[in-house]
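The numbers in UniProt numbering rise by one with no breaks, and the one at position 65 of the sequence shown is 65. Glycine is no exception: its CB is placed at the ideal position from the N, C-alpha and C atoms. Below you'll find the structure, written out as structure tokens, and then a few comments.
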Amino acid sequence: MAENLMHALQYNSYGGGAAALKHVEVPIPTPNKGEILLKLEATSLNPIDWKIQKGILRPLLPRKFPHIPASDVAGEVVKVGPGVTNYKVGDKVVSLLDHLTGGGLAEYAVAKENMTVARPPEISVTEAAGLPMAGLTAHQAVTHGAGVKLDGSGQQLNLLITAASGGVGHYAVQLAKLGNTFVTATCGARNLDFVKSLGADEVLDYKTPDGAALKSPSGRKYNVVIHCASGIPWSTFEPNLSSNGKVIDITPGLSAFLTCAVKKLTFSKKKLEPLQLSPKKENLDYLVNLVKGGKLKTVIDSKYPLSKAEEAWAKSIDGHATGKIIVEP
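Below you can see the structure in the form of structure tokens.
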């Protein structure tokens with residue numbers, strides 16, 4: 001391979017799934033002001049990656065074709081752009097890449113300094129790569145959305161976390177249990193013990209009648225639902241909520257926004273709030289330190305080499321991963 005080229009996967013149009021990902025050689029990108037160039041060591045996939053390919057955010061994303069997808073990366077700094085002061089060549093870091101540009105399914109990627117944090121040697125590169133989008137989404141839902149104080153102070157809250165064995169869900173359970181919470185969780189039958197091991201107080205198989213109805217085995221009403229699954233109507237949530245309970249939907253579709261609007265217009269005490277991630281560098285740093293301190297773990301579903309990244313893509317689309325799917329250049 002020529003010195004200034006790298007191996008990457010890209011797609012050229014909307015749709016097509018894993019089969020539309022093409023292996024290419026493209027120029028190694030150059031960092032601009034406030035950016036750093038990373039030699040990637042691990043990239044984790046998120047459902048939003050293939051949903052963007054599917055066209056869920058067209059025409060906003062991707063900004064242009066061809067597009068190299070994925071945004072959660074860990075790697076080593078090999079070049080710094082003008083104005084970068086916090087990092088130098090050789091530093092090990094974790095970064096959330098800009099969704100407008102993507103770039104994670106490649107050997108090198110450009111990251112913004114303001115969404116990059118140091119990776120301590122105690123944290124493996126795969127643990128780190130799993131954190132950015134899923135970890136930040138879980139953190140925002142638990143702390144900002146549900147109002148859980150992660151130091152254990154604050155009044156006790158009853159939380160329901162759906163799809164608790166997935167990328168966001170497995171972080172949300174662990175973070176919620178750092179606070180004063182009673183956590184009910186849903187997942188598939190094969191993951192019941194796994195979700196219990198994360199700290200959930202009670203776990204429902206979503207395919208059983210009680211699981212489908214989201215009924216707490218101990219009869220609790222939920223102050224907050226962190227909804228990481230899809231396809232559950234408001235009518236299923238409503239009877240399980242406390243008098244002023246709310247549902248935080250991390251993957252809101254059109255029906256979620258409509259329900260949100262109706263609840264506001266009718267001054268309902270029970271609410272649905274679509275979550276829109278506002279990533280912050282200090283929160284990513286906080287999560288990295290929780291992992292370092294043994295208070296949070298990234299569970300790895302599977303690892304794939306970059307040469308087989310389309311298999312990882314297909315697995316993500318399938319929707320049954322336990323924890324995070326990792327691609328390693």
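Figure out for me which residue from PRO132, GLU3 and HIS99 has the closest Cα to the Cα of LYS281.
PRO132
Leaving out five residues before and five after ARG63 in sequence, what residues of the same chain have Cβ atoms less than 6 Å from its Cβ?
LEU100
Please report the residue range of the beta strand (DSSP E) in which PHE194 lies.
Not the beta strand (DSSP E): PHE194 falls in the alpha helix (DSSP H), residues 192-197.
DSSP on VAL89, reduced to helix/strand/coil?
It is coil, neither helix nor strand.
Restricting to Cα atoms, I'd like to know which of GLU273, ALA185 and TRP234 is closest to GLY145.
GLU273
I'd like to know whether the C-beta atoms of GLU328 and LYS303 end up nearer to each other than 7 Å.
yes
For a test of the three-state rule: what should DSSP assign to ALA212, helix, strand or coil?
helix
CB-CB under 6 Å to ASN32, same chain, minus the five flanking residues each way: which ones, in chain order?
GLY81, listed in sequence order.
Find the nearest neighbour of LYS79 within the set VAL299, ASP205, ILE28 and ASP151, judged by alpha-carbon distance.
ILE28
Examine chain D for any beta-carbon lying closer than 7 Å to the beta-carbon of THR85, and answer yes or no.
Structure shown: chain D not included; a single protein chain is present.
What's the call for THR85, buried or exposed, on a 16-neighbour Cβ count within 10 Å?
exposed
If you drop the 5 nearest sequence neighbours on each side, which residues of the same chain put their C-beta closer than 6 Å to that of THR162?
Within the same chain, and ignoring the five residues on either side of THR162 in sequence, the residues whose Cβ sits closer than 6 Å to its Cβ are THR186, HIS227, CYS228 and ALA229.
What are the boundary residues of the alpha helix (DSSP H) that includes MET133?
132-139
I want to know whether the segment 174-193 touches the segment 114-130 - three or more CB-CB distances under 8 Å.
With fewer than three CB-CB distances shorter than 8 Å, the segment 174-193 does not count as touching the segment 114-130.
Closest to SER71 by C-alpha separation, out of VAL94, LYS88, LEU296 and GLY90, would be which residue?
Of the residues VAL94, LYS88, LEU296 and GLY90, the one whose Cα lies closest to the Cα of SER71 is VAL94.
Within 7 Å, strictly: CB atoms of TYR108 and ILE36
With a cutoff of 7 Å on beta-carbon distance, TYR108 and ILE36 are scored as not near each other.
Determine whether the beta carbon atoms of ALA312 and ILE325 lie at a separation below 7 Å.
yes
State the start and end residues of the unbroken alpha helix (DSSP H) segment that holds ASP318.
309-318
Touching by the beta-carbon criterion (3+ pairs, under 8 Å), the segment 196-212 and the segment 255-265
no
Starting from GLN10, follow the beta strand (DSSP E) in both directions and report where the run begins and ends.
5-10
Would you kindly check if the distance between the Cβ of LEU105 and the Cβ of LEU9 is under 7 Å?
Cβ atoms of LEU9 and LEU105: closer than 7 Å.
Close beta carbons around ASN46, own chain, < 7 Å, minus the five adjacent residues each side:
ASP72, MET133, ALA134 and GLY167
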